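Chains as they are written, first to last, in my numbering: chain W, 16 to 321; chain A, 504 to 584. Even glycine gets a Cβ: it sits at the ideal position worked out from N, Cα and C. A quick note: this is a predicted structure, and the numbers were derived from the prediction, not measured.
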Amino acid sequence: CSMIYGSTGATHFDQLAKILTGYEITGARSSGIFMGILFIAVGFLFKITAVPFHMWAPDIYEGSPTPVTAFLSIAPKISISANISRVSIYGSYGATLQQIFFFCSIASMILGALAAMAQTKVKRLLAHSSIGHVGYIRTGFSCGTIEGIQSLLIGIFIYASMTLDAFAIVSALRQTRVKYIADLGALAKTNPILAITFSITMFSYAGIPPLAGFCSKFYLFFAALGCGAYFLAPVGVVTSVIGRFYYIRLAKRMFFDTPRTWILYEPMDRDKSLLLAMTSSFITSFFPYPSPLFSVTHQMALSSYL
Amino acid sequence: MPLSATMVGALLGLGTQMYSNALRKLPYMRHPWEHLLGMGLGAVFANQMVKWEAKAQEDLDKLLLKAKQANERRYFDDDED
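This is the structure we're talking about:
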């Protein structure tokens with residue numbers, strides 16, 4: 016911020032937009048402006064755990080208490096996406112920033128898919144999964160179009176509900192000392208409804224129709240194709256397919272494997288069960304009636320351009 | 504339309520409460536007054552959602568018209584703004 020102010024003398028978004036629009040081609044290049052935009056982008060990407068600034072996420076997600084991990088997975092993604100849309104789309108969007116975000120999207124999608132396959136702990140798996148999802152969501156922002164911003168907003172909303180669901184399940188399972196993926200064995204025998212809920216959440220993360228996760232990925236990749244990012248969309252599709260391996264592996268563990276040590280069921284409290292029921296209902300019932308979310312996100316995206 | 508929204512909302516609320524009981528490994532109809540509350544809240548939520556969606560669609564149409572007029576002004580009338 017200080018470098019941009021030092022190079023331009025402006026802090027207001029309107030003035031920055033007038034100064035920075037097309038600065039790469041007008042000859043008014045300044046290393047201060049470039050470095051300022053780069054540092055702001057890097058700071059934002061650190062907070063949303065985008066590759067290559069994702070290193071902190073798996074260890075912190077694993078070590079923190081589950082409610083804190085849930086907060087860290089959801090709240091920064093929403094707030095930073097809103098922040099970055101205001102600062103970058105309005106103030107300083109250009110080829111520099113677009114290339115940075117394209118690279119980070121592709122790298123996050125690939126790393127999220129590949130690194131999660133090697134995980135043995137549930138929370139670390141969800142951390143890598145959230146890194147991959149940040150890549151998908153950044154795809155929408157990288158486009159720089161109204162459809163891109165709309166798909167980003169849809170993606171954020173659906174990602175927030177899926178992540179709430181996933182971490183509510185992890186929090187319920189933590190009561191029974193479940194830490195490793197192998198401990199989930201035979202959850203289908205001890206608590207079949209919880210196993211079904213977890214499976215639905217994982218299938219939604221994987222982007223399997225007719226769940227909400229499919230709608231968000233569909234819209235994101237269509238927005239990428241619409242803006243001409245013909246490499247980004249196929250990479251997203253391929254990494255989604257690769258990602259299905261570890262999501263479906265969780266379902267396989269719960270339904271078909273025997274655990275190393277049998278975990279006894281402990282009753283869940285009402286708040287968690289209600290939260291799980293509401294978020295699962297949203298994930299399963301979004302597909303037939305997506306129009307309210309589509310209308311409001313279209314409005315939000317348009318208003319950032321007008 | 505309001506009748507179907509009410510019915511769908513009530514079913515959703517009832518289903519959510521039964522699902523919540525099932526997650527806690529309780530009988531599905533334990534505390535039936537909670538199911539009634541769920542049905543009521545679900546019906547209210549569905550009706551409000553339908554009304555809100557209609558309003559959001561109206562606002563979106565106005566915004567799209569405004570964007571179209573702004574673009575016509577910029578590209579056809581050579582407006583600098």
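| query | result |
| --- | --- |
| Any beta carbon from chain W within less than 8 Å of residue 515 of chain A's own beta carbon? | yes |
| Any beta carbon of chain W sitting closer than 8 Å to that of residue 546 of chain A? | no |
| Give a yes or no on whether the minimum CB-CB distance between residue 560 of chain A and chain W is below 8 Å. | yes |
| Between the beta-carbon of residue 232 of chain W and the beta-carbon of residue 255 of chain W, is there less than 8 Å? | yes |
| Residues of the region 303-315 of chain W in Cβ contact with chain A at a cutoff of 8 Å, in chain order, please. | 306, 307, 310, 311, 313, 314 |
| Does the region 238-248 of chain W come close enough to the region 171-183 of chain W to have 3 or more Cβ pairs within less than 8 Å? | no |
| Select from W/20, W/66, W/28 the residue whose C-alpha is nearest the C-alpha of residue 98 of chain W. | W/28 |
| Does the beta-carbon of residue 566 of chain A, which I'm using as the reference point, lie nearer than 7 Å to any heavy atom of the ligand PLP? | You won't find the ligand PLP in this model; it holds no ligand whatsoever. |
| Can you give me the C-alpha to C-alpha distance between residue 229 of chain W and residue 302 of chain W, rounded to a whole angstrom? | 9 Å |
| Do residue 157 of chain W and residue 65 of chain W have their beta-carbon atoms positioned less than 8 Å apart in this structure? | no |
| Secondary structure at residue 136 of chain W, three-state DSSP: helix, strand or coil? | strand |
| Should residue 269 of chain W and residue 202 of chain W be called a contact, given that it needs their Cβ atoms to be closer than 8 Å? | yes |
| Under 8 Å between C-beta atoms, does residue 522 of chain A make it to chain W? | yes |
| Taking all protein chains shown into account, do 16 or more other C-beta atoms lie within 10 angstroms of the C-beta of residue 135 of chain W, making it buried, or fewer, making it exposed? | exposed |
| Which of helix, strand or coil does DSSP assign to residue 195 of chain W? | strand |
| 8 Å is my cut-off, CB to CB: does residue 177 of chain W come that close to chain A? | no |
| Going by other Cβ atoms of all chains shown within 10 Å of its Cβ, with 16 needed for buried, is residue 59 of chain W buried or exposed? | buried |
| I want to see whether chain A comes within less than 8 Å of residue 244 of chain W, judged by CB atoms only; does it? | no |
| Three or more beta-carbon pairs under 8 Å between the region 515-528 of chain A and the region 207-222 of chain W, yes or no? | yes |
| Per DSSP, what kind of secondary structure is residue 117 of chain W in: helix, strand or coil? | helix |
| Report all residues from its chain with a CB closer than 8 Å to the CB of residue 547 of chain A; omit the five preceding and five following residues, and keep chain order. | 512 |
| How many angstroms separate the CA atom of residue 96 of chain W from the CA atom of residue 89 of chain W? | 11 Å |
| Tell me, please, whether the CB atom of residue 212 of chain W is closer than 8 Å to any CB atom in chain A? | yes |
| For the alpha helix (DSSP H) holding residue 283 of chain W, just list the boundary residues, first then last. | Neither: residue 283 of chain W is in no alpha helix (DSSP H) and is coded neither H nor E. |
| Using a Cβ-Cβ cutoff of 9 Å, what residues of the region 222-239 of chain W are near chain A? List them in chain order. | none |
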